[in-house]
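Asker: Using this note's numbering, the letters of the sequence shown correspond one by one to residues 491 to 950.
Heads up, the beta-carbon is just placed ideally off N, CA and C, and yes, glycines get one too.
Keep in mind that this is a model prediction, so the values were computed, not measured.
Dumping the structure here so I can ask a few things about it.
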Amino acid sequence: MSVAIPAPAKSGEGLDPHGFERVPPQELEAEQSVLGGMLLSKDAIGDVAEILQGPDFYRPAHETVYRAILDVHAKGEPADPITVAAHLTKTGELVKIGGAPYLHTLVQQVPTAANAEHYAEIVYEASVARNLVTAGADIAAGGYARDGSADELVERAQERLYGVVRQRGDDSLLDASHGLDATFDAIEAAGKRKPGELTGVPTGFTDLDSLTLGLQPGQLVLIAGRPAMGKSTLGLDIARAASLKHKLHSAFFSLEMSRLELHMRLLSAEGPVGLHHIRSGQLDDAAWARLAKAKTTVDGGNLLLDDSPELTAISIRTKARRLKQRGKLDLVVIDYLQLLQYGGGRRPESRQQEVSDISRQLKLMAKELQVPVVALSQLNRGPEQRTDKKPQVSDLRESGSLEQDADMVILLHREDQYEKESPRAGEADFIVGKHRNGPTATITTAFQGHYSRFVDMAHT
Numbered sequence: 491m492s493v494a495i496p497a498p499a500k501s502g503e504g505l506d507p508h509g510f511e512r513v514p515p516q517e518l519e520a521e522q523s524v525l526g527g528m529l530l531s532k533d534a535i536g537d538v539a540e541i542l543q544g545p546d547f548y549r550p551a552h553e554t555v556y557r558a559i560l561d562v563h564a565k566g567e568p569a570d571p572i573t574v575a576a577h578l579t580k581t582g583e584l585v586k587i588g589g590a591p592y593l594h595t596l597v598q599q600v601p602t603a604a605n606a607e608h609y610a611e612i613v614y615e616a617s618v619a620r621n622l623v624t625a626g627a628d629i630a631a632g633g634y635a636r637d638g639s640a641d642e643l644v645e646r647a648q649e650r651l652y653g654v655v656r657q658r659g660d661d662s663l664l665d666a667s668h669g670l671d672a673t674f675d676a677i678e679a680a681g682k683r684k685p686g687e688l689t690g691v692p693t694g695f696t697d698l699d700s701l702t703l704g705l706q707p708g709q710l711v712l713i714a715g716r717p718a719m720g721k722s723t724l725g726l727d728i729a730r731a732a733s734l735k736h737k738l739h740s741a742f743f744s745l746e747m748s749r750l751e752l753h754m755r756l757l758s759a760e761g762p763v764g765l766h767h768i769r770s771g772q773l774d775d776a777a778w779a780r781l782a783k784a785k786t787t788v789d790g791g792n793l794l795l796d797d798s799p800e801l802t803a804i805s806i807r808t809k810a811r812r813l814k815q816r817g818k819l820d821l822v823v824i825d826y827l828q829l830l831q832y833g834g835g836r837r838p839e840s841r842q843q844e845v846s847d848i849s850r851q852l853k854l855m856a857k858e859l860q861v862p863v864v865a866l867s868q869l870n871r872g873p874e875q876r877t878d879k880k881p882q883v884s885d886l887r888e889s890g891s892l893e894q895d896a897d898m899v900i901l902l903h904r905e906d907q908y909e910k911e912s913p914r915a916g917e918a919d920f921i922v923g924k925h926r927n928g929p930t931a932t933i934t935t936a937f938q939g940h941y942s943r944f945v946d947m948a949h950t
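Below, the structure written as structure tokens:
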């Protein structure tokens, strides 16, 4: 049985915003049945809320009723035609949805609230189809307008399509036994590994790899330190080890250094050839030979560099997703977090909130793409204000969410930066201050600034 649907409150309401002559996909009777079921049963409210959001309703009036039901339910009150009508009266929206009689009609239409979840699935399917139509129109309009480079247009189109279907709560809540066989297989495989064999991306540092078994898929790893401690150098060292030595695919996003600077550092570390000599061009024949060999190594590696000044958290995630789809992504390195903006035209309430949003975006990217994401980060002035200059995880700058979202935090410390006559000149500490699912430790390495690299102490 169908019921009358309230007339649009304004001219053109309900028409496709892109002006298509065809009526967009919709399931109005299912929308009515969903709302009727929710007005009959509080259990139906929870079931439907796991599937639908307000914009999934085609009729604006139905979205208004849906939100009103959720508002009343959230207050702990029964959501029935009377309480929902009272709520809509307070908000001045009762007339827009067709008045109190329409709410009673919704209840009378639905035979049983038990089918509300099924009706919600029908509404959701129509919403996805409708969003595809709209996304297609937006992509076509962008193509005609050509308001950006080809890569930018493709990036926007891809992001638009990914936004069509969202992850729903019931997709992830599964029985504890789900995937348990795969977990047992992973444990069995771990037992068969040789001592020292890694399960993740190698960092190039023996003790760090022994501690972590490599950087693991889905991890957000923060490398943090005060200025001039060598954050960029370490980030590039890790990408270099992964891509040039182990032939894994790494993407290094640099908001601080240009491609020229990155090339010089890569060649210096890989040569090795003194960075100062490379910059000055004053090289002897032996240095030129090492430089040529280093160039061959870089040419044959799987290291991607991006020094675009327009990089944002959203654009990095889009580019990384594209690489993963092509099977060419094992590691992401971002230099550095405090120079990054969220993107998408958002204007956050504060920089602290933006850093928090960026941190969450990077963690979600690592989890979605199942690759380790290494983000370099500044520390606040906390170390300088203490007698012991060693950094702490609490020194992370601008947002406490960095510590919360990170699976691992590696703090860089070089004693000779504070004490020029230090007996530990040339040494550097990798302080693993947080390690979810693993131990923490302080690992001592050698800093070879003239070659723009860190190395194991045994290699000095």
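#1: What residue from Gly923, Ala616 and Ala931 has the CA that sits closest to Glu893's CA?
#2: Is the distance from the Cβ of Gly690 to the Cβ of Gln706 below 8 Å?
#3: Quick one: any contact between the region 810-817 and the region 774-793, if contact means 3 or more CB pairs under 8 Å?
#4: Using the Cβ count rule (16 or more neighbours within 10 Å means buried), how would you classify Gly659?
#5: Just grab the DSSP bridge partners of Leu795 for me.
#6: Distance, Cα to Cα, Val524 vs Ile572?
#7: Based on the DSSP output, what are the partners of Phe937 in its beta bridges?
#8: Going by beta carbon distance, what residues of the same chain come within less than 7 Å of Ala856, once the five residues before and after it are set aside?
#9: Whole angstroms are fine: how far does the CA of Asp847 sit from the CA of Ala729?
#10: Hey, out of Lys809, Asp774, Asp906 and Arg636, whose CA is closest to Ser740's CA?
#11: Could you check how far apart the C-beta atoms of Asp946 and Thr696 are, in whole angstroms? I think they sit under 8 Å.
#12: Return yes when the Cβ of Pro692 is within less than 8 Å of the Cβ of Ala732, no when it is not.
#13: With DSSP as the reference, please indicate the residues paired to Ser700 in a beta bridge.
#14: Residues bridged to Val899 by DSSP?
#15: Tell me, please, which residues DSSP counts as bridged to Val822.
#16: For a quick check, are the C-beta atoms of Gly928 and Thr702 less than 8 Å apart?
#17: Buried or exposed for Thr802, please, with buried defined as at least 16 other CB atoms from any protein chain shown within 10 angstroms of its CB.
#18: Taking the alpha carbon of Ser744 as the point to measure from, which residue in Arg812, Leu734, Val823 and Leu738 has its own alpha carbon closest?
#19: For a cutoff of 8 Å on Cβ pairs, would you count Gly681 as touching chain C?
#20: Determine which residues share a DSSP beta bridge with Val691 and list them.
#21: Per DSSP, what kind of secondary structure is Leu765 in: helix, strand or coil?
#22: Which term fits Ala497, buried or exposed, when burial requires 16 or more other beta carbons within 10 angstroms of its beta carbon?
#23: Based on the DSSP secondary-structure assignment, which residues constitute the bridge partners of Asp775?
#24: Determine the DSSP secondary structure at Asp885, reduced to helix, strand or coil.
#25: With Asp546 and Val613 assumed to form a contact (beta carbons below 8 Å), what rounded beta-carbon distance in angstroms separates them?
#26: Should the region 518-535 be called in touch with the region 550-559, which here means at least 3 C-beta pairs below 8 Å?
#27: What residues are listed by DSSP as bridge partners for Ala569?
#28: From the DSSP output, in three-state form, read off Asp789 for me.
#29: The alpha helix (DSSP H) spanning His594 covers which residue range?
#30: How about Gln522 and Tyr548: do their beta carbons lie closer than 8 Å?
#31: Which residues does DSSP pair with Leu869 in a beta bridge?
#32: Need the endpoints of the alpha helix (DSSP H) that Asp671 sits in, please.
Answerer: So, to answer that:
#1: Counted from its first residue, the sequence shown places residue 893 at position 403. Closest by alpha carbon: Gly923.
#2: Taking the first residue of the sequence shown as position 1, residue 690 is located at position 200. Taking the first residue of the sequence shown as position 1, residue 706 is located at position 216. Yes; because the gap between Cβ atoms is below 8 Å, this pair is in contact.
#3: no
#4: In the sequence shown, the residue the question calls residue 659 occupies position 169. Bear in mind that the predicted position of Gly659 carries a pLDDT of just 47, short of 50, making it unreliable; the figure below should be weighed with that in mind. Exposed: under 16 other Cβ atoms inside 10 Å.
#5: Taking the first residue of the sequence shown as position 1, residue 795 is located at position 305. Phe742, per the DSSP bridge assignment.
#6: Walking along the sequence shown from the start, residue 524 turns up at place 34. Walking along the sequence shown from the start, residue 572 turns up at place 82. Cα-Cα distance, rounded: 17 Å.
#7: Taking the sequence shown and counting its residues from 1, one reaches residue 937 at position 447. Beta-bridge pairing links Phe937 to Phe944.
#8: Sequence index remark: in the sequence shown, residue 856 carries index 366 (1-based). Closer than 7 Å at Cβ, skipping near neighbours: Gly708, Gln709, Leu710, Pro862 and Val863.
#9: Residue numbering aside, residue 729 sits at position 239 when the sequence shown is read from its first letter. Residue numbering aside, residue 847 sits at position 357 when the sequence shown is read from its first letter. About 25 Å.
#10: Within the sequence shown, residue 740 is the residue found at index 250, counting from 1. Comparing Cα-Cα distances from Ser740 to each of Lys809, Asp774, Asp906 and Arg636, the minimum goes to Lys809.
#11: One-based indexing of the sequence shown puts residue 946 at position 456. One-based indexing of the sequence shown puts residue 696 at position 206. About 5 Å separates the two Cβ atoms, so the contact holds.
#12: As a working mapping, residue 732 is identified with position 242 in the sequence shown. As a working mapping, residue 692 is identified with position 202 in the sequence shown. Taking 8 Å as the Cβ cut-off, Ala732 and Pro692 qualify as a contacting pair.
#13: For the purposes of this step, residue 700 is taken as residue 210 along the sequence shown, with counting starting at 1. Per DSSP, none; premise fails for Ser700.
#14: Here residue 899 refers to the residue found at position 409 of the sequence shown. Beta-bridge pairing links Val899 to Leu712 and Lys924.
#15: As a working note, residue 822 is residue 332 in the sequence shown. Note: Val822 sits in a beta bridge opposite Ala741 and Val863.
#16: Mapped onto the sequence shown, residue 928 falls at position 438. Mapped onto the sequence shown, residue 702 falls at position 212. Their beta carbons are under 8 Å apart, which means Gly928 touches Thr702 by this criterion.
#17: Translated into positions along the sequence shown, residue 802 becomes position 312. Counting Cβ neighbours within 10 Å, Thr802 comes out buried, since at least 16 surround it.
#18: If you number the sequence shown from 1, residue 744 lands on position 254. Ranking Arg812, Leu734, Val823 and Leu738 by Cα distance to Ser744 puts Val823 first.
#19: This model lacks chain C altogether; it includes just one protein chain.
#20: The residue given as residue 691 occupies position 201 in the sequence shown. Leu705, per the DSSP bridge assignment.
#21: Your numbering for residue 765 matches position 275 in the sequence shown. It is helical.
#22: Position 7 of the sequence shown, counted from the first residue, corresponds to residue 497. At Ala497 the pLDDT is 48, less than 50, meaning the model places this residue with poor confidence and gives no usable figure here.
#23: Mapped onto the sequence shown, residue 775 falls at position 285. Beta-bridge pairing links Asp775 to no other residue.
#24: Residue numbering aside, residue 885 sits at position 395 when the sequence shown is read from its first letter. Helix, per DSSP.
#25: Counted from its first residue, the sequence shown places residue 546 at position 56. Counted from its first residue, the sequence shown places residue 613 at position 123. Confirmed, about 6 Å.
#26: yes
#27: Counted from its first residue, the sequence shown places residue 569 at position 79. According to DSSP, Ala569 bridges with nothing at all.
#28: Taking the sequence shown and counting its residues from 1, one reaches residue 789 at position 299. Helix, per DSSP.
#29: In the sequence shown, the residue the question calls residue 594 occupies position 104. First-last of the alpha helix (DSSP H) with His594: Ala590 to Gln599.
#30: Within the sequence shown, numbered from 1, the residue matching residue 522 stands at position 32. Within the sequence shown, numbered from 1, the residue matching residue 548 stands at position 58. No, they are not a contact pair.
#31: By 1-based counting over the sequence shown, the position of residue 869 is 379. According to DSSP, Leu869 bridges with Leu886.
#32: By one-based count along the sequence shown, residue 671 stands at place 181. Where Asp671 is concerned, the enclosing alpha helix (DSSP H) stretches over Leu670 to Lys682.
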